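Under the numbering used here, the final residue of the sequence shown carries the number 502; numbering is consecutive throughout. A virtual CB, placed ideally from N, CA and C, is assigned to each residue, including glycine. Everything numeric in this text was worked out from a predicted model, so none of it was measured.
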Amino acid sequence: MDVPTPAPTTPAAPAPAVATPVAPPPPPQLPSAKLNPYNGFHHGISLLHGWLPLTIEIVAAALLIVALTRPARRWWLIRVPICLALGVIAALVARTVMNDEGLASDPAPVTLWICVGAAVAALALVVAGWPGARWWQRTAAVLAVPFAIASTAVVLNQWVGYYPSVQSAWSALTAGPLPHQTDMDALAGMRGTHPATGVIVPIQTGDDASGFKHRTEYVYLPPAWFAGPTPPALPAVMMIGGEFNTPADWVRSGQIMPAVDKFTAAGNGTAPILVFVDSSGSFNNDTECVNGPRGAAADHLTKDVLGYVESKFGVPADPAKWAAIGWSMGGTCATDLTVMHPELFHTFVDIAGDIGPTAGTEAQTVSRLYGGDAAAYGRFDPMTVMAAHGPYSGIAGLFDDLTPPHRPGNGKGGNHFHLPPVDENRIGVGGQDGVMDTGEVGAAEKLCERGRAEGIDCTIHTTQGGHTWQFAAAAFTSSLPWVSARLGLPVPAST
8 MDVPTPAPTT PAAPAPAVAT PVAPPPPPQL PSAKLNPYNG FHHGISLLHG WLPLTIEIVA
68 AALLIVALTR PARRWWLIRV PICLALGVIA ALVARTVMND EGLASDPAPV TLWICVGAAV
128 AALALVVAGW PGARWWQRTA AVLAVPFAIA STAVVLNQWV GYYPSVQSAW SALTAGPLPH
188 QTDMDALAGM RGTHPATGVI VPIQTGDDAS GFKHRTEYVY LPPAWFAGPT PPALPAVMMI
248 GGEFNTPADW VRSGQIMPAV DKFTAAGNGT APILVFVDSS GSFNNDTECV NGPRGAAADH
308 LTKDVLGYVE SKFGVPADPA KWAAIGWSMG GTCATDLTVM HPELFHTFVD IAGDIGPTAG
368 TEAQTVSRLY GGDAAAYGRF DPMTVMAAHG PYSGIAGLFD DLTPPHRPGN GKGGNHFHLP
428 PVDENRIGVG GQDGVMDTGE VGAAEKLCER GRAEGIDCTI HTTQGGHTWQ FAAAAFTSSL
488 PWVSARLGLP VPAST
């Protein structure tokens, strides 16, 4: 799915003047054998478009047709309608749960619910059609089930852009290495070299301060980190993923490493250290980066992670040298962490985030995220936090938001494209920002307006497109030079 490069709707504040770095004599190159290549992350058989998704869907449909083909009158009058009814019910239930939980901002494609219904109907056909069926009908019915489920997964993946290719999906499912991944033990031997690319190392930040049980996290170290006898004091960026996530999603699904490599190549190896954190503890544990029954995620990020990275990699304990970049739920986290902890972060990029930590309606959020503690809701609500804290000094943020994708006739004199309306009280649920859904003032506008009133320098960019990882990657790429300049690094003129 192609996503255009984000373009500003309001002029951004002029970036500080930065000098073009002068390249020193290159130290010895690190042998490339110690690094893992991209291994198909950037290229491969697409799961978002092309022949494979279409083939899976066609095969599923063909198998269902074969399984249905029977001349018996009772089959068509009783059993087939029952199977179809079960499929319709399953599709409606899935759609209701999705909408009730506020799990996404863009409305799901109709084909997703068709595929969900087809998968359940296929399973019912196996049971209802087994007696009296011929071997080839039974075979078709049985095979239709996994193909219908695969079709559902394909459409779901196309909707959110989670796995761009078969290779990236396989690597994630088999816990394969990330691009340029190496071991922590190898870093000492790389000291004093100038590798062609940076490296990614798995880290164990611990949970001493938070008690938050989490998965392996990762740190990207740019080539400049290896120059000299000791690590230079490079700044760092905390990278936070979406609601359903793994710490490696920015690399696997967002595929940001080619853009990072291009940036460092143009700047003599200089870039911020990137810290890919675990804000959830498990794939489907939506913490919204707060402290609550789902875990003390906020304490983990601000205490366990920052302290570990500063001590292990020489990052200064200076808020001017720390930024937070987040996508979807992570965008909400990036804003929230910065306004709650200006002593830790001075820069944030909120990519299609919510107006605040949400897990349904406000009442549901208080119950689910805070165990019924309404006061805790206020402590983590960025609008409330900014009003109580202001004025801020030295804080800047960038909101990268979405507008609806273009549809034929979407303009003057045509049939305007409208997404389902959103209740004003539910703005922010699952990424819904109001702008995308109703044209009302959205999350980015509300947060930025409040931030400016409290001394935060913020800018809003909008991009036409869907709520996908491809959009997140494009927004990250466009914001990297600005973030680097904010953190005090020289930005190459070619970016």
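Relative to A460, the option among P398, A272 and V87 whose CA is nearest is P398. Residue pairing by DSSP places I467 opposite F406 in a beta bridge.
By alpha-carbon distance to F406, the top candidate from T339, P499 and G385 is T339. Scanning the stretch 235-267 for uninterrupted beta strand (DSSP E) segments of 3 residues or longer gives 243-247, listed from N- to C-terminal end. In this chain, the beta strand (DSSP E) harbouring D357 covers T354 to I358. Only buried fits R493, as 16 or more other CB atoms lie within 10 angstroms of its CB.
Between the stretch 146-158 and the stretch 179-189 there are fewer than three C-beta pairs closer than 8 angstroms, too few to call the two in contact. For F283, the uninterrupted beta strand (DSSP E) run begins and ends at I280 to F283, by DSSP. By the neighbour-count criterion, in which a residue is buried when 16 or more other Cβ atoms sit within 10 angstroms of its Cβ, H56 is exposed.
The straight-line gap separating the alpha-carbon atoms of G124 and P239 is approximately 56 angstroms. The C-alpha of A203 lies about 52 angstroms from the C-alpha of L99. DSSP places P229 outside both helix and strand once states are collapsed to three, so it counts as coil.
Counted as a single uninterrupted DSSP element, the stretch harbouring W137 is not any beta strand (DSSP E), since DSSP gives it neither H nor E. Around the beta carbon of N291, fewer than 16 other beta carbons sit within 10 angstroms, so the residue counts as exposed. Under the three-state reduction of DSSP output, I52 falls in the coil class, being neither helix nor strand.
Boundaries cannot be given for A500, as no beta strand (DSSP E) includes it and DSSP labels it neither H nor E.
In the same chain as F355, and ignoring 5 residues on each side of it, the C-beta atoms closer than 6 angstroms to its own belong to A331, A341, T342, T345 and G404, in chain order. I89 carries a helical assignment under DSSP once its states are collapsed to helix, strand and coil. If you draw a 10 Å sphere on the C-beta of A92, you find fewer than 16 other C-beta atoms in it, and that means exposed.
S172 carries a strand assignment under DSSP once its states are collapsed to helix, strand and coil. Using a Cβ distance threshold of 7 angstroms, T212 and Y315 count as a contacting pair. Leaving aside the five residues that flank I280 on each side, the residues in its chain whose CB is nearer than 8 angstroms to its CB run, in chain order, V226, Y227, L228, P229, W232, L241, P242, A243, V244, V316, F320 and V322. Assignment of beta strand (DSSP E) within the stretch 271-353, counting only whole runs of 3 or more residues, yields 280-283 and 329-334 in chain order. When DSSP states are grouped into helix, strand and coil, P389 belongs to the helix group.
For E461, the secondary structure class from DSSP, reduced to helix, strand or coil, is coil.
Of P364, D268, N106 and H353, the smallest CA-CA separation from D293 is found for P364. Residue range W58 to L75 is occupied by the alpha helix (DSSP H) that includes I65. Apart from the 5 residues on each side of it in sequence, L130 sits with its Cβ closer than 6 angstroms to the Cβ of V152 in its chain, given in chain order. D388 counts as buried, since no fewer than 16 other beta carbons sit within 10 angstroms of its beta carbon. Using a 10 angstroms sphere on the CB of P88, the tally of other CB atoms stays under 16, which defines it as exposed. A straight-line Cα-Cα distance of about 53 angstroms links K310 and V133. Put simply, the backbone Cα of G51 is about 37 angstroms away from that of I96. Per DSSP, the unbroken beta strand (DSSP E) holding I210 starts and ends at V206 to I210. Counting only unbroken stretches of 4 or more residues, the alpha helix (DSSP H) elements lying wholly within the stretch 360-385 are 369-377, in sequence order. If the five residues before and after Q165 are omitted, its C-beta is found closer than 6 angstroms to the C-beta atoms of L55, all from its own chain and listed in chain order. For W476, the uninterrupted alpha helix (DSSP H) run begins and ends at W476 to R493, by DSSP.
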